[in-house]
Structures are given as C-alpha cells and as structure tokens.
Amino acid sequence: MSKITTELLLERAVPRSTRLRKIETLNLSKLQLKTGDLDPRLFSRLRHLQKLDLSDNLLDKFPNSLTLPDLRVLNCNNNKLEDVTALKQFPLLEELTYENNVYLTLNDDYKVMFLLQNLRLLNGKDITKLANHVRRVNSRKLTSKVTAHWEKFFRDQLPEKYTAEQVKSIKKKFLKSVQTNVVYGPSSLSEFTRWRVKMIAEEFLTYSLGLELNSDTEPEEKMDENEEESTESPREAAEDVAQVVHIYDPLLTTGAVTVTPSKRKRNHSKSSPGSKRSKSQASTEEEAEDVSAEPLHFLQCHSKGNSREDFKTQLWSCVFEPVLDSGARKDPIVSSSRTVATCGGESVCLIDCETGTVLKKYKVATEEFFSVAWTTLTMVISDSRKKAHNILAAAGRRGIVKLIHVAADFCYGEIKAHKKPIATVCFSPTQETHLFTASYDKRIALWDIGIPDCDYNFKASQLLVLETASIPLRIALVPTCPEQYLLAGCEDGCFAWNIKLDKGQKSRPFEAIFQFPDDENMTTSHRVDGLAFLNDDVVVSKSSKPGCIYLWSWSRSFDAKGKGCQRTMSAVILAELEWSTTDMSYLTLSTCPAKEYVFCGDEKGSVWMYNLSGYTTAWGSAKGKRSERRISPTQILKWPELRVNGEQPPEILVNNVVADPAFTYLVVLTSVNITAIWKKS
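Here it is in structure tokens:
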C-alpha cells in the first residue's frame with residue numbers, strides 16, 4: 076500500500092487544507108518515500124501546487140506524469156536520484172535544489188538548465204546567464220556542427236528515392252557517428268554534449284530533411300527548441316515550428332490536394348469584376364498591363380496545435396525583413412529580403428518566399444497576434460564589437476509587445492504596452508528604437524524599446540500617448556516629417572497628431588480630423604480600415620464606403636500653419652480607385668512606393684492591383700487636378716480553386732496583402748489560415 080494518501084497530503088499541506096485542489100505548499104520530506112509512492116492519479120489532483128518539498132527521501136527518479144502544472148519550487152535534497160530529464164514535465168519551475176544526490180553530476184545541471192526554460196535558481200545559485208548560454212549559444216554551436224557532419228559524411232549516402240529500410244539504416248548510422256564525432260566544450264560535460272547532439276540530430280533528420288515515413292510536408296528548417304523569454308517575460312517561450320502544410324506548390328504534388336489547372340493561368344487585366352476590356356480601352360489606359368504574377372506557394376503554417384483541419388485562424392499582418400547590409404533606409408528597392416514575417420492566431424512565422432520554407436516559428440499559447448514590425452538595432456555583441464541586428468516586434472490581443480532577436484532565435488523580452496488588444500504596431504524610419512503601438516484602449520503610445528546588451532538586458536520607456544476618439548486600426552508616419560506627424564485610420568475617422576517630442580506635452584489630443592466625400596456631402600464619421608502612403612505626399616485610404624479607395628494629398632489637406640487642436644480639414648481628393656462593392660470591414664490595403672503600386676484584397680480571395688505610375692507626376696504638380704473618373708485595377712489576381720483533402724476551403728477573405736519593395740513577391744494573408752505567395756514573372 077502506498078505511503079501517500081489523501082489524508083496525508085491534506086495533513087502535510089502548509090497550511091493544512093481540506094481540499095487537494097486548494098493546496099499550494101506541500102511538505103513531504105523525511106517520509107522514506109520511494110518512486111513508486113508518488114501516485115500520478117493522486118498528484119494530478121494537486122492542480123494549484125506551487126511549492127513541493129521531497130527532501131530526505133529515497134527517490135531514484137520521478138514518474139513521468141505527475142501533472143503538477145503550476146509547480147514553481149521543488150526541493151529534492153538528500154535522495155538517490157539518478158536522472159533529471161523527467162523534470163521537464165514541470166515547465167514553470169523557477170527554483171530547484173537536489174544537493175546530496177550522489178549520482179547526479181555537472182552534466183545533470185546542464186540538462187535541467189536546458190529543459191526548464193524558467194529556471195532561475197539551481198541549488199541556491201542564480202543560473203540565469205549560464206542557462207541562457209546553454210540554451211542559445213551552446214545549442215547554436217552544436218546545431219551547426221551536427222549539420223556540418225551530415226553534409227560532409229552522410230548527405231551523398233541518401234538516394235533521391237529512398238525506402239523505409241534505407242531511412243532506418245541511415246538514421247542509425249548518422250546518430251551513432253554524430254554522437255561519437257561531434258565534440259564541444261570541456262570533457263567534464265561530454266555526457267551532456269552527447270545527449271544534446273542526439274536530440275539535435277534527431278530533430279535535424281525529422282524536420283530539416285523530412286526523413287519521416289508517410290510525410291507529405293515540405294522539408295523545413297526547424298529552429299532551436301530552447302528559446303526562452305528574458306526575465307522581462309518569464310512565461311512563454313519562443314517555440315519551434317512543428318508543422319507546415321503546403322496546400323499548393325507548382326513543384327510539389329500532394330495526393331490530398333488538387334488545384335483546378337485552368338486556374339493556374341495568369342490573371343489578365345480587368346476594368347471591373349466580370350467584364351472584359353476592349354482593345355480600345357487597353358490602348359487608351361496607361362500601364363494597363365498583365366503583371367504576370369504566378370502562384371508560388373500556399374501555406375498553412377499558423378494552425379492551432381499544428382492541426383491540418385484548422386481553417387479558422389485569421390492571418391492579419393506581414394512585413395518583409397530588412398537586408399542588413401543594404402543601407403536599408405536609403406534604397407527601398409534593395410531594403411528587404413525574400414524573408415517575410417507573418418502573424419495570426421498564437422504564432423508568428425518567418426517564411427522564405429522563394430522556397431516556401433518556414434524558417435522559424437514563435438508561439439505563445441494564450442496570445443492572438445495582430446501585427447508585426449521590423450527594426451534594425453546596432454547591438455554590442457559578446458566581444459564588445461558593434462553589429463547591426465534585425466529585431467521583430469509582435470503584438471496582439473494581450474496588449475503585450477514581444478521583442479524577438481531573430482538571428483539568435485530568441486524572444487528576449489516584452490513590453491506590457493496596453494491593457495487592451497493592440498491593433499497595429501510600427502517603427503519609426505528615422506529613430507530605430509522608437510515603436511508606435513495602437514490599441515483598443517483608444518490610445519496610440521510611442522515607446523523607446525532601448526537596445527539590449529550582450530545579456531539581453533534592456534529598458535523600455537513610454538515617450539508619448541496620443542488620445543484617439545475611437546479605436547485606431549491603421550497608423551502611418553508622414554514620410555516627409557516622420558518625427559513630427561502621424562496619421563491614423565480609426566473606427567470613426569481619419570486623424571493626425573503632432574508627435575514632435577520637444578513639445579513637452581506627453582499626452583496629446585489629435586490635431587486634425589479629415590472629412591471625405593459621402594454622396595453629396597462631406598463627412599468625418601466613417602471607419603478607415605486601410606491607410607498607407609504611396610509616395611511622400613499621396614495618401615491611400617479605404618473607408619467603409621463600399622467600392623471605393625481614396626487617394627488624397629497630405630500637403631494640400633493638412634494646414635500645418637493653423638492653430639489649435641481638433642480642427643476639421645477636408646481631404647483634397649486626387650482620385651478614387653474602383654474596388655469591390657462589399658461592405659466587409661478590415662480588409663486592409665498596402666502600397667509599394669518604389670513601383671507606385673496599390674494592393675487590396677477582397678471578400679472573394681482576389682487581389683486588386685493598381686499601377687499608378689502614370690498618374691503620380693500629374694498629381695505632384697502645383698496644379699494637379701483630381702481624376703474625374705474612378706481608376707480601374709490594372710489587374711485582379713483571382714484565388715485558385717484549391718481543394719484540401721478533397722474539399723474546397725470555406726469563404727476566403729483577404730485580410731492583408733503586401734509586396735516586397737522590389738515587387739518580386741506578393742504575400743496574401745487570408746481569413747482561413749492560408750498564406751498565399753505569388754511571384755512576379
């Protein structure tokens with residue numbers, strides 16, 4: 076009969092308790108307990124246990140399913156423990172002691188530092204810095220060595236078409252060889268190194284090379300599993316990518332997926348949905364050409380729980396990563412790579428647009444991400460040299476901004492920016508540490524996120540709060556004066572603020588609200604759910620008025636010399652773009668300034684593209700007049716007829732569509748958890 080009973084647990088609770096589920100502190104020391112006495116069925120009822128003392132017993136290991144989801148402090152001193160890997164079942168553990176367990180060594184210390192992402196104290200010592208090194212630097216070095224070992228000795232041994240037996244054989248040989256030959260660190264840690272090398276090699280074979288039987292997913296690079304957030308954000312780890320489903324890839328044939336062949340053809344220009352253009356129309360309209368964009372990849376990489384059946388997760392925001400050595404802030408054409416960050420649901424993904432590979436994936440189980448933004452910080456690395464690094468900010472429903480150092484695969488901190496969801500974020504193009512966050516609390520905040528040191532310590536501070544009359548949905552800094560004026564499209568209008576930091580006033584009302592045509596009158600009251608600059612002066616905005624996107628002049632609309640706040644100004648309309656007649660909201664637009672393009676998705680999965688290079692010169696002249704007729708789309712990219720597991724996905728809304736600065740790739744985010752990537756021929 077087990078020594079541990081319900082009555083004993085209630086009696087040994089501190090303080091004594093009448094219900095197991097109410098126990099937070101439990102002392103089970105000096106009871107001569109053995110491993111078999113720890114009954115998982117009984118311990119599973121201790122749902123709120125935070126502190127557990129098992130010292131001075133006879134435990135040689137832990138059962139694998141004790142189910143203590145809230146355990147933070149564990150004392151195992153003076154036992155007979157031989158292995159610590161089962162402790163990974165306590166992911167929130169912060170303090171651990173297991174002194175005087177004669178079979179445990181320094182290798183076990185390193186194992187628990189790796190396995191327990193929130194561990195701060197081990198045997199009474201602060202191990203935060205050492206643990207960060209183990210999880211990041213050590214793992215990165217070993218991953219590099221494992222990959223190099225495969226490339227040098229085993230890559231050519233794998234035939235192009237392989238059988239299950241061949242896979243099994245090469246796995247066995249590789250795992251044995253890599254554990255024998257990959258060496259790193261002092262000899263006293265050789266056991267830990269072999270343990271990690273085996274783990275990394277297995278992950279490499281499974282995820283990077285796709286060596287799994289019955290797998291129909293594309294090979295993908297798996298990021299290191301051991302990303303933790305800094306002490307600024309101790310709860311969720313930046314996690315690895317587990318699965319990506321390629322729904323359509325011209326280079327890949329998947330039995331469960333079909334695409335109607337006729338829909339793969341290029342989409343030709345249209346003057347309006349469902350109508351064809353005559354030759355005379357084509358000859359009189361400028362730049363009315365076929366852009367020749369082809370579908371490249373359709374990915375399902377934001378699934379909740381990596382479920383292939385998830386067609387409900389909404390995807391909201393994407394932005395291309397800057398190229399570090401391109402002088403990114405000077406030449407927009409070469410200022411981004413083919414890597415794009417996307418967000419939706421509980422995850423943020425980094426995708427290589429050319430290959431369709433999900434390079435990295437960050438996941439926070441309790442979050443729904445709405446927005447991502449890049450900045451480039453000059454950081455001091457460990458040997459005191461300064462180097463530029465790309466930092467990704469991600470935010471959403473919890474009102475928290477996550478800061479991710481992508482190259483290090485590390486979410487190093489968070490900013491608790493708002494008490495309500497954050498709709499969108501953006502960095503200043505001139506002040507690399509300045510981040511704007513627009514929230515459902517009807518405020519737009521400006522933060523200085525600081526620059527992390529070599530240990531990822533950083534200090535964020537709030538510089539400014541802009542008060543809005545309604546929820547801000549989209550924000551844009553005025554290109555000619557990004558340190559002075561900010562525009563925001565809100566639930567109840569389009570507003571402008573003076574954001575100059577030398578004014579002294581930290582909390583500011585809006586300076587201007589813009590009114591737009593509404594049938595025969597002008598109105599300020601309308602939802603603006605799309606907002607971007609086409610060039611230094613031309614603003615593109617989409618309101619709740621069906622079928623219309625406005626282009627208007629910032630310099631002619633905003634009276635910078637006027638005095639007072641909350642002034643009403645009429646937007647000087649330059650043109651209207653013909654768009655879908657849907658009254659569906661939150662289908663946002665984007666621009667490609669270098670190529671003078673505007674993009675906007677619709678409620679049918681289509682992407683409307685407008686080449687406005689033939690108009691901008693006239694609009695920029697002093698006597699530039701409004702275009703009398705609506706400008707038709709240059710081209711409408713139709714959504715292909717996809718079939719997943721024999722069925723068509725549900726109704727597809729295009730929430731966002733973004734091109735890289737050179738307009739090589741077009742990334743389309745949908746309401747059905749599908750990221751579509753098109754490539755311009």
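Residues 76 to 756 (my numbering) are what the sequence shown spells out, left to right. Virtual Cβ for every residue (Gly too), placed ideally from N, Cα, C.
Which residues in the same chain as Ser140 place their Cβ atom closer than 6 Å to its Cβ, once the five residues preceding and following it in sequence are excluded? Closer than 6 Å at Cβ, skipping near neighbours: Pro115.
Distance CB(Asp385)-CB(Ser392) smaller than 7 Å: In this structure, Ser392 does not lie closer than 7 Å to Asp385 by Cβ.
Using three-state DSSP, classify Arg339 as helix, strand or coil. Residue confidence for Arg339 is low, a pLDDT of 29 falling below 50, so the modelled location carries little weight; the figure read from the coordinates is stated next. Three-state DSSP puts Arg339 in a helix.
Relative to the alpha-carbon of Val673, which residue among Thr745, His123, Ala751, Asn686 has its alpha-carbon at the smallest distance? Ranking the options by Cα distance to Val673, first place goes to Asn686.
Alpha-carbon to alpha-carbon, Met644 and Ser696: Computed Cα separation, rounded: 21 Å.
Hey, would you say Asp735 sits closer than 7 Å to Thr663, going by beta carbons? Using a Cβ distance threshold of 7 Å, Asp735 and Thr663 do not count as a contacting pair.
First and last residue of the uninterrupted beta strand (DSSP E) at Trp627: Taken as a continuous stretch (DSSP letters only), the beta strand (DSSP E) holding Trp627 covers 623-628.
Based on DSSP bridge pairs, tell me the residues matched to Leu124. Per DSSP, none; premise fails for Leu124.
With DSSP run on the structure shown, which of helix, strand or coil describes Ser632? It is helical.
For Cys565, count the other beta carbons within 10 Å of its own beta carbon; 16 or more makes it buried, fewer makes it exposed. Which is it? Buried.
Exposure of Lys581, with buried meaning 16 or more beta-carbon neighbours within 10 Å: The residue is exposed, with fewer than 16 neighbouring Cβ atoms inside 10 Å.
According to DSSP, residues forming a beta bridge with Gln590: Its beta-bridge partners are Ser645.
Helix, strand or coil, according to DSSP, for Glu360 in the structure here? Caution applies to Glu360, whose pLDDT of 38 falls short of 50 and renders its modelled position unreliable; the value that the coordinates give is listed next. The three-state reading of DSSP puts Glu360 in coil, since its state is none of H, G, I, E or B.
Quick check on DSSP: helix, strand or coil for Arg352? The predicted position of Arg352 is uncertain, since its pLDDT is 35 and thus under 50; a value taken from the coordinates is nonetheless stated next. Residue state, collapsed to three classes: coil.
With Tyr685 as the anchor, note down where its beta strand (DSSP E) starts and where it stops. It spans 682-686 - the beta strand (DSSP E) in which Tyr685 sits, taken as one unbroken run.
Are the CB atoms of Arg147 and Gln125 within a distance shorter than 7 Å? Their beta carbons are under 7 Å apart, which means Gln125 touches Arg147 by this criterion.
What's the call for Lys438, buried or exposed, on a 16-neighbour Cβ count within 10 Å? By the 10 Å Cβ count, Lys438 comes out buried.
I'd like the span of the alpha helix (DSSP H) that includes Phe189, first residue to last. Under the DSSP assignment, Phe189 falls in the alpha helix (DSSP H) whose first and last residues are 181-190.
Based on the DSSP output, what are the partners of Gln710 in its beta bridges? Answer is Met684.
For Met659, report the span of its alpha helix (DSSP H) as first-last. Careful: Met659 lies outside any alpha helix (DSSP H) and carries neither H nor E.
Could you spell out the range, first to last residue, of the alpha helix (DSSP H) harbouring Ala239? Counting along the chain, Ala239 sits inside the alpha helix (DSSP H) bounded by residues 239-256.
What does DSSP give as the partner residues of Cys640 in its beta bridges? Answer is none; Cys640 lacks a bridge partner.
Please tell me whether Lys670 has its Cβ less than 7 Å away from any Cβ of chain D. Among the protein chains of the structure shown there is no chain D, as only one such chain exists.
Between the stretch 466-483 and the stretch 538-550, do at least 3 Cβ pairs fall closer than 8 Å? Too few Cβ pairs lie closer than 8 Å, so no.
Which runs of the beta strand (DSSP E) at least 3 residues long sit entirely within the stretch 462-542? Give them in chain order. Fully enclosed beta strand (DSSP E) runs of 3 or longer: 475-480, 485-491, 497-502, 509-514, 518-523, 536-542.
Find the nearest neighbour of Glu586 within the set Thr598, Pro592, Asn198, Gln559, judged by alpha-carbon distance. Minimum Cα-Cα distance from Glu586 among the listed residues Thr598, Pro592, Asn198, Gln559 corresponds to Gln559.
Within the chosen definition, does the stretch 525-536 reach the stretch 568-581 through at least 3 CB pairs nearer than 8 Å? No contact exists between the stretch 525-536 and the stretch 568-581.
Backbone secondary structure at Phe118 - three-state DSSP: Here DSSP, grouped into helix, strand and coil, assigns Phe118 to helix.
Helix or strand or just coil, what does DSSP make of Leu217? The three-state reading of DSSP puts Leu217 in helix, counting H, G and I together.
Helix, strand or coil for Arg87, going by three-state DSSP, please let me know. Here Arg87 sits in helix by DSSP.
Enumerate in chain order the residues of its own chain whose CB-to-CB distance from Lys216 is below 8 Å, with the five nearest sequence positions on each side excluded. Shown here for Lys216: same chain residues with a beta carbon closer than 8 Å to its own, the five before and five after excluded, namely Tyr259 in chain order.
What span of residues does the alpha helix (DSSP H) with Thr203 cover, start to end? Run containing Thr203: 203-208, per the alpha helix (DSSP H) assignment.
Quick check: Val729 and Val742, are their CB atoms within less than 7 Å of each other? No, the Cβ-Cβ distance between Val729 and Val742 is not below 7 Å.
Hey, how far is the Cα of Asn198 from the Cα of Tyr178? Our two residues, Asn198 and Tyr178, have alpha carbons roughly 15 Å apart in a direct line.
Helix, strand or coil at Lys438 according to DSSP, with G and I counted as helix: Here Lys438 sits in strand by DSSP.
Rounded separation between Ser305 and Cys486 - CA only: Here the model assigns Ser305 a pLDDT of 29, short of 50, so the residue's position is not dependable and the matter cannot be decided.
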